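S.K.: Reading the sequence shown from the start, the letters are residues 0 to 241 in numbering that gives the first Met the number 0.
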Amino acid sequence: MSDQREAAAEPDTLEVPLVELRPALEAILMVADEPLDRVRLASVVGHPVADVEAALVALSAEYAEQGRGFDLREVAGGWRFYSRPELASVVETFVLDGQQARLTQAALETLSVVAYQQPVSRARVSAIRGVNVDGVMRTLLSRGLVEEAGQDEHSGAHLYRTTSYFLERIGVSSLDELPELAPYLPDMEDLEDELASVAGLDAAPEAPADAPAEPAPEPGPTPHHSPHSGSGTEPDGGTEVS
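(1) Between the Cα of F165 and the Cα atoms of E176, N131 and A156, which residue gives the shortest distance?
(2) Please state if the CB of Q117 and the CB of R123 are separated by a distance shorter than 8 angstroms.
(3) Once DSSP output is grouped into helix, strand and coil, what is the label at V243?
(4) Would you identify the three-state DSSP class for V56, choosing helix, strand or coil?
(5) In the DSSP assignment, find the unbroken alpha helix (DSSP H) run with R39 in it and report its ends.
(6) Is it buried or exposed, S173, if we count other Cβ atoms within 10 angstroms and call 16 or more buried?
(7) Taking DSSP as the reference, what is the three-state secondary structure of A327?
(8) Name, in chain order, the residues that DSSP records as bridge partners for R160.
(9) Could you check the C-alpha separation between D70 and V145 for me, to the nearest Å?
(10) Would you mind giving the Cβ-Cβ distance between D36 and G77, rounded to the nearest angstrom? I have them listed as a contact below 8 angstroms.
(11) With 8 angstroms set as the bound, which would you pick, yes or no: does the beta-carbon of L158 sit closer than that to a beta-carbon of chain B?
(12) Which residue marks the beginning of the beta strand (DSSP E) containing L71, and which one marks its end?
(13) State whether the stretch 130-139 contacts the stretch 84-92, with contact taken as three or more CB pairs (one from each stretch) at a distance under 8 angstroms.
(14) Suppose you measure from the CA of M29 to the CA of S82; what does that come to, to the nearest Å?
(15) Which partner residues of G77 appear in the DSSP bridge assignment?
(16) Using only alpha-carbon positions, find the residue among E152, E108, D151 and A114 that is nearest to N131.
(17) Could you give the DSSP three-state label for R101: helix, strand or coil?
(18) H46: buried (16+ other C-beta within 10 angstroms of its C-beta) or exposed?
(19) Flag this pair as yes or no: are the beta carbons of V56 and A23 separated by less than 8 angstroms?
(20) Classify E167: buried if its beta carbon has 16 or more other beta carbons within 10 angstroms, exposed otherwise.
(21) Along the chain, where does the alpha helix (DSSP H) containing S141 start, and where does it finish?
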C-alpha cells in the first residue's frame, strides 16, 4: 500500500527521447527556403554543433554516392538541398513551363558591376556602363539581389552591394569565389588605343606645308547615338518575358 501511495504522489513525467540526428536534419532542410548554418540547425535538433556538421558532410557524400536527384551543399554560409546539375534541363522545363520573367542582359551587366565594385553608388555604375541604370537597379533591389550599404562619406550618395541571396543564386559561398576579371580584360595598349579613338584623340598625320587645303566637308545627316552610349537610358527595367 505504501508503494502505491508513493507512486500516486509522484507527478507524471513525459520522457522525450532525443530526436535522431540525420532524419531531423533532412526534415528541416526539406522545408527550408534559405541556407541554414550549422549553429542554427544544432539549436533546433538539440545536438552538438560538431555532430551536426559531421552529419551534414556525411549526408552530402551519401547523396552523391547514391546518385540521388538532389545534392546537399554548403552555400552562402549555410546548407540547403539543390537539384543535381545533370538534371538541370528537366528542372528548367518544369520551372519555365509558361511565361517566366528573367533578368535582361542589361540587368546582368549591372549586377556584375555591383558585384565587382561594391560597395558602389548608382552614379558610379551608370558611369561604368555608360547608361542610366535607375530602372535596372530598382529591379535588382526588388529581386533581393542587391541591397543598400550605407552612404558615401564624400558625396552622400547611397551605396549598393550584393546580398547573400545573390551568392546563393550563383552557387558560391563568398565573393572571394567570383572569377578573376583580369583574363577577360583587353591588354592595356589595346584599351588605351580604343579609349583614344573614342575620345577623338588619335593624332592626324601632318600635311606638307605646300599641300593644297582640304575642302570643307559638306554637311551631312545628324549622327545617331546609340541608347547604350553617353547619357543614354536602358530601354527597360531589367526584366524580359520568355
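We put the beta carbon where it would ideally sit given N, CA and C, even for glycine. In this text, all values refer to a predicted model and were calculated from it rather than measured experimentally.
M.R.: On the basis of the coordinates in this document:
(1) Checking every option, the nearest Cα to that of F165 belongs to E176.
(2) Contact: no.
(3) Lying before the first or after the last residue shown, residue 243 is absent from the chain, which here runs from 0 to 241.
(4) Of the three classes helix, strand and coil, the one that applies to V56 here is helix, per DSSP.
(5) R37 to V44
(6) It counts as exposed.
(7) Examination of residue 327 is not possible in this model, given that the chain is present from 0 through 241 alone.
(8) E146
(9) Going from the Cα of D70 to the Cα of V145 covers about 27 angstroms.
(10) 5 angstroms
(11) Any reference to chain B falls outside this structure, which holds one protein chain only.
(12) F69 to V74
(13) no
(14) 12 angstroms
(15) V74
(16) E108
(17) strand
(18) buried
(19) no
(20) buried
(21) D133 to S141
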